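J.: Sharing a structure with you now.
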């Protein structure tokens, strides 16, 4: 996996337990098996509980995923159901089945 | 969205619009502002929020198109821009991030509402504006989902009793958001359409109230102006003629013209002077202004003449001296080229100056310059509104208008001012016997027994004067012909006078002769009477003497008395 050296920092804004937010959390977590999470910094912010943070980051819709690092920063709106497009945006190579 | 029977209003600060909406947009409700690019949607939103700040109501602006920095910089150019501490009561949120975001699956506006809720609570906002909401809504592909999200937003707004302005772009061919956002007007309580079109070289702005709950409004397009005071609506002309009525006469500045008009123009009325170039329209206007200033009345003289204020100097050559009043401040001169600005903007400026100067008299020379600026149909409206305002203020107005002398229908002025003008004078050239002379005729004058005769207008270094013209065989005589005719008339008069004097003398001498004769005859009579008296006296004396003599004789003759005489003696 290509993220190991670079260190990925993500911030996901959700709104409580609304259907879109719940699936966004699930879809994002599914990208990273347990063994891979050490190099991924992932923060989930509930805009209903922390509206100030939502305002600071200019969150208009939920869910919104911010890729904070590595550069370039980007903003992804939606429940992240398109896994391939998401991996591409985050600069993650598709995990191949390990031959060993 | 059912509410109280009467909706409270919230002032937008857009002059004219608040009046047209019965005090402002419905408070606690949402107003939709739609229009193409550059019509002033953002200014509408910002101005409404700034007005809120003025009235002590904080506001939040969420922008999806312009950067907050640009919005604040643009706002600073307007007179109503909040400054200092008040500035903080207008909070701008940047929503543009969504434009560059990637989409991956479905989303909702809960995040937006949380962020807004936080911001609104912090600044205690009562007003909120979404500038370019269509940008956000365009992100949502599924129309059903989009509608659902707009309902969510709408519910949130009414739950928080916020008065909202939502602006959205409208395609030029999409008359009233018939496409994607057709449902938006149904969700809002007031819909305003802004328009902008270029006629000639002039941009004409307009505003139409498509709907507004709680007030009977006109759905006609109203002219809109954009100046440093922001957006302004030129309110429709009052339909009832509730103008002040004066019976006072004010001088036209030309003595004989006053006589023709039964004492002058009526105060508070509008006089139209029409004529071809060079027929002395400006001189008539100048005379009026000079007379007004002579009475000590503040006057505004608007000149659309190409030469600017040069007319003040030019008028001095016909003894109309306005310079002294310009210096004393009694006369305010606005000399501007007519083109490049909308007729609305011109009339608006004139109205403001009227107010600022406290003018009692107004001259616009020529008002036809407004129509020639390339926006005829708009100009007529603008001028009528100006006249309406002037009438309501009791300002006496004199307008000049340029007429093409060769136009046979020339008496029908292009912008229909002739119908609203109370007095209409027409200046023309009469060409005959190798001369062109100026003629003045009063075509109409309401409430005035005016002369229906044509007069010759003479300009000299002593000023303006009117003289009678002669009609001979159907032709009007002016200039040299008139003077010849006057000479003839004078000679004839002299001849007649001389003859009369002779006859007078003749009769007088006849009388005196007769009287002399009477006197002498009377003397004759007297003489004869005297003679007669003398004659009588001598006769009586003679008789007495005779009687005495007789008595003596009798005595001498010792004659007896006649029986009759003897009886009397006893």
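Protein chains in written order, with this note's numbering: chain A, 17 to 116; chain B, 9 to 578. We put the CB at the ideal spot given by N, CA and C, even for glycine. Computed from a predicted model, the values in this text were never measured in an experiment.
(1) Under 7 Å between the Cβ atoms of residue 53 of chain B and residue 132 of chain B?
(2) Going by Cα to Cα distance, which pick from B:257, B:400 and B:87 is closest to residue 236 of chain B?
(3) Closer than 7 Å by beta-carbon distance: list the chain B residues that pair up with residue 107 of chain A, in chain order.
(4) Cα separation between residue 227 of chain B and residue 83 of chain A?
(5) For residue 455 of chain B, collect the residues of the same chain with a Cβ closer than 7 Å to its Cβ; drop the 5 residues on either side in sequence, then sort them by chain order.
(6) Can you tell me where the alpha helix (DSSP H) holding residue 159 of chain B begins and where it ends?
(7) Count the C-beta pairs between the stretch 497-507 of chain B and the stretch 352-360 of chain B that are closer than 8 Å, then say yes if the count reaches three, no if not.
(8) Quick one: does the C-beta of residue 454 of chain B sit closer than 6 Å to a heavy atom of the ligand NAP?
(9) Going residue by residue through the stretch 32-70 of chain B, where are the continuous alpha helix (DSSP H) segments of at least 4 residues, counting only ones entirely within it?
(10) What does the Cβ neighbour count give for residue 541 of chain B, buried or exposed, with the cut at 16 atoms within 10 Å?
(11) Touching or not, the stretch 27-39 of chain A and the stretch 71-82 of chain A, by the rule of three or more beta carbon pairs under 8 Å?
(12) Can the beta-carbon of residue 375 of chain B be found less than 7 Å from the beta-carbon of residue 406 of chain B?
(13) Taking any Cβ of chain A, which residues in the stretch 76-102 of chain B have a Cβ under 8 Å from it, in chain order?
(14) Distance, Cα to Cα, residue 464 of chain B vs residue 20 of chain B?
(15) Output, in chain order, the set of chain C residues within a Cβ distance shorter than 7 Å of residue 64 of chain A.
(16) Only counting the same chain, and skipping five residues up and downstream in sequence, which positions put a Cβ closer than 6 Å to that of residue 248 of chain B?
(17) Check whether the Cβ of residue 55 of chain A lies closer than 7 Å to any Cβ atom in chain B.
(18) Drop a sphere of 10 angstroms on the beta-carbon of residue 142 of chain B, count the other beta-carbons inside from all chains shown, and report buried for 16 or more, exposed for fewer.
(19) Thinking just about the alpha-carbon of each residue, which of B:50, B:411 and B:314 is nearest to the one in residue 176 of chain B?
(20) Using a Cβ cut-off of 7 Å (strictly closer), state whether residue 26 of chain A contacts chain B.
(21) Nearest-angstrom Cα distance between residue 419 of chain B and residue 429 of chain B?
(22) Should residue 260 of chain B and residue 272 of chain B be called a contact, given that it needs their Cβ atoms to be closer than 7 Å?
(23) For the candidate residues B:190, B:220 and B:204, whose alpha-carbon lies nearest to that of residue 197 of chain B?
(24) Give me, in chain order, the residues of the same chain whose beta-carbon lies closer than 8 Å to that of residue 414 of chain B; leave out the 5 immediate sequence neighbours on both sides.
(25) Tell me whether the beta-carbon of residue 110 of chain B lies closer than 7 Å to the beta-carbon of residue 105 of chain A.
(26) Would the stretch 340-350 of chain B count as touching the stretch 301-311 of chain B if we require 3 or more Cβ pairs under 8 Å?
(27) Check the C-beta distance from residue 373 of chain B over to residue 322 of chain B and give it rounded, since I have them as a contact under 8 Å.
(28) On the DSSP letters alone, give me the boundaries of the alpha helix (DSSP H) that residue 67 of chain A sits inside.
(29) Please confirm if residue 170 of chain B has its CB atom under 7 Å from at least one CB of chain A.
(30) I need the straight-line Cα distance from residue 71 of chain A to residue 45 of chain B, nearest angstrom please.
(31) Cβ closer than 9 Å: which chain B residues qualify as neighbours of residue 97 of chain A?
(32) With three or more C-beta pairs closer than 8 Å as the rule, is the stretch 82-97 of chain A touching the stretch 34-45 of chain B?
T.: Let me spell this out:
(1) As a first step, residue 53 of chain B must be located in the second chain, where it is residue number 45. As a first step, residue 132 of chain B must be located in the second chain, where it is residue number 124. No, these two residues do not count as a Cβ contact at 7 Å.
(2) In the second chain, the residue the question calls residue 236 of chain B occupies position 228. That would be B:87, whose Cα lies nearest to the Cα of residue 236 of chain B.
(3) Residue numbering aside, residue 107 of chain A sits at position 91 when the first chain is read from its first letter. Scanning chain B for C-beta atoms nearer than 7 Å to the C-beta of residue 107 of chain A yields nothing, as the closest lies near 13 Å away.
(4) Taking the second chain and counting its residues from 1, one reaches residue 227 of chain B at position 219. Taking the first chain and counting its residues from 1, one reaches residue 83 of chain A at position 67. Residue 83 of chain A has its alpha-carbon roughly 50 Å from the corresponding atom of residue 227 of chain B.
(5) Counting from 1 along the second chain, the entry for residue 455 of chain B is found at position 447. The beta carbon of residue 455 of chain B sits closer than 7 Å to the beta carbons of 274 from its chain, once the five residues preceding and following it are set aside; these are given in chain order.
(6) Position 151 of the second chain holds residue 159 of chain B. Per DSSP, residue 159 of chain B belongs to the alpha helix (DSSP H) from 151-167.
(7) In short, these stretches do not touch, since the Cβ pair count stays below three.
(8) By its list of ligands, the structure shown contains no ligand whatsoever, and the ligand NAP lies outside what it can speak to.
(9) Secondary structure within the stretch 32-70 of chain B: the alpha helix (DSSP H) runs of 4 or more consecutive residues, fully enclosed, are 49-62 (chain order).
(10) Start at 1 with the first residue of the second chain, and residue 541 of chain B comes out as number 533. By the Cβ-count criterion, residue 541 of chain B is exposed, with fewer than 16 other Cβ atoms from all chains shown falling within 10 Å of its own Cβ.
(11) Touching, yes.
(12) Residue numbering aside, residue 375 of chain B sits at position 367 when the second chain is read from its first letter. Residue numbering aside, residue 406 of chain B sits at position 398 when the second chain is read from its first letter. Going by C-beta atoms, residue 375 of chain B is not nearer than 7 Å to residue 406 of chain B.
(13) Residues of the stretch 76-102 of chain B that bring their beta carbon within less than 8 Å of a beta carbon in chain A comprise 101 and 102, in sequence order.
(14) Here the question's residue 464 of chain B lines up with position 456 in the second chain. Here the question's residue 20 of chain B lines up with position 12 in the second chain. So the alpha carbons of these two residues sit roughly 56 Å apart.
(15) Among the protein chains in the structure shown, which are A and B, there is no chain C.
(16) The sequence position of residue 248 of chain B within the second chain is 240, counting from 1. The pLDDT assigned to residue 248 of chain B is 45, lower than 50, so where the model puts this residue is not dependable; a value taken from the coordinates is nonetheless given after this. Around residue 248 of chain B: no qualifying Cβ.
(17) Working through the first chain from its first residue, we reach residue 55 of chain A at position 39. Among the residues facing chain B, residue 55 of chain A is not included, as its CB has no counterpart in that chain under 7 Å away.
(18) Within the second chain, numbered from 1, the residue matching residue 142 of chain B stands at position 134. In the assembly as shown, residue 142 of chain B is a buried residue. Its beta-carbon has 16 or more other beta-carbons within 10 Å.
(19) In the second chain, counting from the first residue as 1, residue 176 of chain B sits at position 168. The closest CA to that of residue 176 of chain B, considering only B:50, B:411 and B:314, is found on B:50.
(20) In the first chain, the residue the question calls residue 26 of chain A occupies position 10. Output row for residue 26 of chain A: interface = no.
(21) Looking up residue 419 of chain B in the second chain gives position 411. Looking up residue 429 of chain B in the second chain gives position 421. At residue 419 of chain B, the pLDDT of 44 sits below 50, so the modelled position is not reliable; the number obtained from the coordinates is stated separately. So the two alpha carbons sit approximately 13 Å from each other.
(22) The residue you call residue 260 of chain B lines up with position 252 of the second chain. The residue you call residue 272 of chain B lines up with position 264 of the second chain. The beta carbons of residue 260 of chain B and residue 272 of chain B sit closer together than 7 Å.
(23) Numbered from 1 along the second chain, position 189 holds the residue referred to as residue 197 of chain B. Ranking B:190, B:220 and B:204 by Cα distance to residue 197 of chain B puts B:220 first.
(24) Position 406 of the second chain, counted from the start, is the residue given in the question as residue 414 of chain B. Because residue 414 of chain B sits at a pLDDT of 44, beneath the cut-off of 50, its placement in the model cannot be relied upon, and the point is left open.
(25) The residue you call residue 110 of chain B lines up with position 102 of the second chain. The residue you call residue 105 of chain A lines up with position 89 of the first chain. Note that the C-beta distance between residue 110 of chain B and residue 105 of chain A is below 7 Å.
(26) By the C-beta criterion, the stretch 340-350 of chain B is judged to be in contact with the stretch 301-311 of chain B, since at least 3 inter-stretch pairs fall below 8 Å.
(27) Taking the first residue of the second chain as position 1, residue 373 of chain B is located at position 365. Taking the first residue of the second chain as position 1, residue 322 of chain B is located at position 314. Rounded, the Cβ-Cβ distance is 12 Å, inconsistent with contact.
(28) On the first chain, position 51 is the one that residue 67 of chain A refers to. Counting along the chain, the unbroken alpha helix (DSSP H) around residue 67 of chain A starts and ends at 67-72.
(29) Position 162 of the second chain, counting from 1, holds the residue named residue 170 of chain B. Interface annotation, residue 170 of chain B: not in contact with chain A, CB-CB separation never under 7 Å.
(30) In the first chain, counting from the first residue as 1, residue 71 of chain A sits at position 55. In the second chain, counting from the first residue as 1, residue 45 of chain B sits at position 37. Looking at the two C-alpha atoms, the distance is approximately 28 Å.
(31) Within the first chain, numbered from 1, the residue matching residue 97 of chain A stands at position 81. Neighbours of residue 97 of chain A on chain B, chain order: 112, 113 and 114.
(32) Counting Cβ pairs under 8 Å, fewer than three are found: no touch.
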